[in-house]
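S.K.: Dropping a structure here in structure tokens format, bear with me for questions.
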Amino acid sequence: MTDSHAPHETVDHADLKAMGEVHEHPTWKQYKWVALILTVITVFEVWAYYVPAFVASRGFVPTLLIMSGAKFAIVVMFYMHLKYDHRLFRALFTGPLMIAVATIVSLLFLFAKLSVGAHG
Amino acid sequence: MATAVVPHAAHPATTTGLDHRKVAIWAFIGSECMLFASLISTYLIYKGRSVVGPFPHEWWCPDTRTQTFCAGESAAHYVHTLKPILNIPVTSQSTFVLLMSSLAMVLALSAVENKDKMPANPTLGERILGSSRLWLFMTALMGATFLGYQAFEFTSFVHEGLTIRTNLFGSSFFTLTGFHGAHVTAGVLWLLTLLAIDLKRGLGPKDALIVDISALYWHFVDVVWIGIFTLVYLIR
Amino acid sequence: MATAAARPAYALPESYGASGVWSWLTTVDHKRIGALYMYTALAWFAVGGLEALIMRLQLYGPNGRVVSAETFNQLFTMHGTTMIFLVVMPLSAAFFNFLIPLQIGARDVAFPRLNAFSYWVFLFGSLFMNASWLIGAAPNGGWFGYTPLTTYTFSQGLNIDFWMIGLQILGVSSLAAAFNFITTIINMRAPGMNLMRMPMFTWMAFVVQFLLVLAFPVITIALIFLQFDRFFGTNFFAMTAGADPLLWQHLFWSFGHPEVYILILPAFGLVSEILPTFSRKPLFGYPVMVYSGMLIALLGFGVWAHHMFAVGMGAIADSVFSVTTMLIAIPTGVKIFNWIFTMWGGNLRFTVAMKFAISLVGLFVIGGVSGVMHASPPADLQQTDTYFIVAHFHYVLVAGSMMGLFGGLYYYFPKITGRLLSERLGNWHFWLFFIGVNLTFMPMHWSGLYGMPRRIYQYDAGQGWEIFNKMSTIGALIQAVAVIIAFWNIWRSRTHGAVAGNDPWGAPSLEWSIPSPAPVYNFAVIPTVTSRYPLWDLKSPHLSRGTPHEAGAAQVIAQPERVRSAEELGIPLPYPTIKPLLVALFMTLMFSSLLLIHKDKTPLAIAGILTCAAAMTAFLYGWLTAPLEPEHH
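Residue numbers (our numbering), protein chains in the order written: chain R, 43 to 162; chain P, 70 to 305; chain L, 36 to 668.
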């Protein structure tokens, strides 16, 4: 496939940066923290499942959605380094994501799985 | 005829400075959002509408394949022991494995990018962190482990009376998770290919882009599972 | 006077690439791929037109006996599927392929081999779907395939299998092309060509690629559900298992509505190229045209259930979709006004291309007005499933899209072939088509409101529909004559058309700065762009004086006296390769093997799928590991 530059023996960091290929990536330490946070959130999610009082409450679904939304955002921003990359990629991802979420939500309303005001 | 004097028309740089393939993979990921949105919507729409069991979160006796009691059990005992067909403890493990595979992937990419920056006398820790082969292997291994869990789950469901044809839950569940599993499988094969290249000729900073693209795909597949785990398994 | 040579006398033969069938099978050149799309689409246009003619003959008078009900079902299904997926979309793809790199100052698309793959998948998919005619099992469930009619319980022949597998294959073609063009437009623009300097066709094409990328996955899943139901016995549309027939409709129309904007926006883009050139005026309100295109696409995802006003979604859902549907008329209307203001006060030249473009502007309004009428759910309860709807969508698709695409054909034929289409024959084509289209589809507004339902193969006398049907049939025959003249024009002009120079029309954009036909490498030197109308800046600055410019002279490079070969210029060309064709072929055969399941030959089906998958993977591996083009240092 097309290279955007002539081949070098090694590509130095300055070149890569100029090409927009490398930004300040998170380091191993930061990745460790990210993995830890993701694990902790997952533990909370599973724990919540086993608390019948919480499951029966109105807060259960929103809380779980927020927690998994947080995991989603963390993986996308840090592991997929969308936070550090060219903003074109942010646009290419968030646009379709918003349309996808809007489609899911609309379909849930249309099939009466969600109703305005009450919990389904 | 071309002569030595003719200047070579250099390849024009890309408008954004970004590689074509990276732009394309993000566009692809955008379209995959809609693919999985359609599958997830269908699962959620059909939730609670199956005419016959098993149902995802209601107790189910695999022996009688109904919601009536297993032999020897009493009603009182059963009411207090939740035994839904969806197995949260086991699936939590596979979810964790997939989540950690993303960490391995990120370390693999980092190792490839920083291969030139290995110090002359690396410590054991530095060698471990810097081994792209190790981390590519670990990612693929964890992905394959996740698939193993899925295979276990699918076969136990079939034994307990849930197939893709049984009811709406079966059809939508197996199709959704099956498509996800197929994406994981493709990812594992992709990673193994990269590993093979790494073993053969080595992957270095000049290969960072292709590893980055496979990483983006891999993380996306993980992220879809984050959604599925919550919407299918945890939310009742 | 027309000469026998198709190319300018100063062109070197090797500037244009090899000749011969093999060179076409292995081409990765976007211009050739565009030509392949165009000729294939025109061939399917004849097929789809024939399907329509037979239907019109059947409906000419009451109780027609030209075809049976079953055949009629196959005709209207295939006419719709063919015209949408095998004509309008590939004709648009022909222009995307041909024009986008030329308009942005690039030498090819981002992924040339993927581009070739898209075409071959389209060709093989279209052949697969139409192969069904050979066994009398053409798809018969409507182009929209509503369940549960199309489930196995109610449709046990191979007809629906051909339809769903065929569409799945065609979807791969469109998706692959979309990723290609998105990357191309983002990443391969010439220096100075920022997004707000791109020609309008490229802008509309850009918007359409996003529509494709977001809409096709939805129908992919809908088709997967139908395929799983029909082949594997799943329950997505099984009523006895509690399935909802509306699931198909919602998924289909979530794709289907963006699809219709996919069908019209490229034609809109072509009109936005043609009108300024032949009005000798810049496009009125360029930024607004860009934003309205984007808004149409965005809103297009929020209107789909207006196809379902009669299913009983409830007052809230009906109202929401009614409002969004009415809203989408606004950006569309804005475009109409901008086109009118472009022509206003301009120095108009009524070439054939211009006539087609102006017809779109006028006739699309008719289609749009009936569309707004459908947007009201109570009114739509009368209109839906009648010929009133048929009138609407034929106005927007035939009097809209096809007119725009024909205009594009006349406008860009010289750039593709080096020769002009005959204006004399073109005028016959235009006027007969214009009269034919209006005579065919205008009466349908009346027969529809008088209650004539869609998709009926016969009607009784005495319901007040005869006169309208007669007019439609005569109109269809006139359209047929027009199209025959068009085909004759194309055929003849390839060898006898007047030789066109670089810029026969006096147009403003980059594609007109290079020879006609374009050399294989497009631009000898990649231009630096300083405004929206680079050629006008250079040749007719008074025309583009009022538009935004960068300081300094226009820098479009004038062409050398002799067109040089790529080798002389030191431009590396991608290697031709047969692998995209082979991967496409084995992918189609792999999908086709599924048909065997319904012929009780499941083991054979599995064998077929595995063998073809292996072949596909092998050739794909070869493709991915082969370099795109010669190494350059």
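Glycine is no exception: its CB is placed at the ideal position from the N, C-alpha and C atoms.
#1: Determine the chain P residues that contact L/ASN222 at a beta-carbon separation under 8 Å, and present them in chain order.
#2: Just to check my reading of the structure: L/MET651 and L/PHE626 have Cβ atoms closer than 8 Å, yes? What is that Cβ distance to the nearest angstrom?
#3: Shorter than 7 Å from the beta carbon of L/ASN270 to some beta carbon of chain P?
#4: Whose C-alpha, out of L/ASN165, L/GLY268, L/THR386, is nearest the C-alpha of L/THR117?
#5: In the DSSP assignment, find the unbroken alpha helix (DSSP H) run with L/LYS634 in it and report its ends.
#6: CB-CB under 8 Å to L/GLY578, same chain, minus the five flanking residues each way: which ones, in chain order?
#7: Taking the Cβ atom as the reference point for each residue, do L/SER29 and L/ARG454 lie within a distance shorter than 7 Å?
#8: State whether the stretch 422 to 441 of chain L contacts the stretch 105 to 113 of chain L, with contact taken as three or more CB pairs (one from each stretch) at a distance under 8 Å.
#9: If you run the structure through DSSP and keep just helix, strand and coil, what is P/PRO153?
#10: Can you tell which of P/VAL121, P/ILE282, P/LEU268, P/PRO191 has its C-alpha closest to the C-alpha of P/THR230?
#11: At the 7 Å Cβ level, is P/THR262 part of the contact set with chain R, yes or no?
#12: In angstroms, rounded to a whole number, what distance separates the CA positions of L/THR269 and L/PHE120?
#13: How is R/VAL143 classed by DSSP in three states: helix, strand or coil?
#14: Could you run through the stretch 93 to 120 of chain R and flag, in chain order, every residue whose CB is less than 7 Å away from some CB of chain L?
#15: In chain order, what residues of the same chain have a beta carbon less than 6 Å from the beta carbon of L/SER457, not counting five sequence neighbours either side?
#16: Under 8 Å by Cβ, that's how I've got L/SER307 and L/PHE236 pegged, so tell me the actual separation to the nearest angstrom.
#17: Determine the direct distance from the alpha carbon of L/TRP526 to that of L/ALA250, and round the result to whole angstroms.
#18: Do L/LEU460 and L/ILE520 count as a contact pair if the criterion is CB distance below 7 Å?
#19: Answer with yes or no whether the minimum CB distance from L/LEU249 to chain C is below 7 Å.
#20: Confirm, please, whether the CB-CB distance from R/ALA142 to P/ALA106 is below 7 Å.
#21: Excluding the 5 residues preceding and the 5 following P/LEU278 in the sequence, name in chain order all residues of the same chain whose CB lies nearer than 8 Å to its CB.
#22: Based on the DSSP secondary-structure assignment, which residues constitute the bridge partners of L/PRO97?
#23: Report buried or exposed for L/ILE502, applying the criterion of at least 16 other Cβ atoms within 10 angstroms of its Cβ.
#24: Can you name the residues that DSSP bridges to L/ARG454?
#25: Looking at the structure shown, is L/VAL338 part of a helix, part of a strand, or coil, going by DSSP?
#26: Using alpha carbons as the reference points, say which of L/PHE469, L/GLU603, L/ALA129 lies closest to L/SER209.
#27: Whose C-beta lies closer than 7 Å to the C-beta of L/PRO488 among residues of the same chain, with five residues either side of it excluded?
#28: Could you compute how far the alpha carbon of L/PHE465 sits from the alpha carbon of L/GLY439?
#29: Just by C-beta distance, which residues in the stretch 171 to 200 of chain P are closer than 7 Å to chain L?
#30: Which stretch, first to last residue, makes up the alpha helix (DSSP H) that contains L/PRO550?
#31: Residues in its own chain within less than 7 Å of P/GLY239 by CB, not counting five upstream and five downstream?
#32: Report the start-end ranges of each alpha helix (DSSP H) in the stretch 90 to 171 of chain L that is 4 residues or longer and not cut off at the edges.
#33: Going by Cα to Cα distance, which pick from L/LEU617, L/VAL407, L/ALA648, L/ILE613 is closest to L/LEU629?
#34: Quick one: residues in its chain with C-beta nearer than 8 Å to the C-beta of L/ASN215, no 5 flanking neighbours on either side, listed in chain order?
#35: Closest to L/GLY291 by CA distance: which of L/GLN262, L/GLY277, L/PRO252 is it?
#36: Under DSSP, the alpha helix (DSSP H) around P/GLN219 begins and ends at which residues?
M.R.: Result, derived from the coordinates:
#1: THR83, THR84, THR85, LEU87, HIS89, VAL92
#2: So it is not a contact: roughly 11 Å between Cβ atoms.
#3: yes
#4: L/ASN165
#5: Looking at the DSSP string, L/LYS634 is not in any alpha helix (DSSP H), and its letter there is neither H nor E.
#6: It should be pointed out that residue 578 of chain L corresponds to Leu in this sequence rather than to Gly. Closer than 8 Å at the Cβ level, and outside the excluded window around L/LEU578, lie ARG315, LYS316, PRO317, PRO543, TYR568, TRP571.
#7: There is no way to answer for residue 29 of chain L, as the model of chain L reaches only from 36 to 668.
#8: no
#9: strand
#10: In the sequence under discussion, the amino acid at residue 230 of chain P is Gly, which differs from the Thr named in the question. For P/GLY230, the nearest C-alpha among the options comes from P/VAL121.
#11: no
#12: 28 Å
#13: helix
#14: none
#15: ASN524, SER528
#16: 7 Å
#17: 36 Å
#18: yes
#19: Within the model displayed, chain C is absent; protein chains R, P and L are what it includes.
#20: yes
#21: ASP88, ARG90, LYS91
#22: DSSP, once it has assigned bridges, lists no residue as partnering L/PRO97.
#23: exposed
#24: L/VAL534
#25: coil
#26: L/ALA129
#27: ASP420, THR421
#28: 12 Å
#29: none
#30: No alpha helix (DSSP H) contains L/PRO550, which DSSP labels as neither H nor E.
#31: LEU231, THR232, ILE233
#32: 104 to 116, 124 to 139, 147 to 166
#33: L/ALA648
#34: VAL144, ALA145, PHE146, LEU149, ASN150, SER153
#35: L/PRO252
#36: 201 to 229
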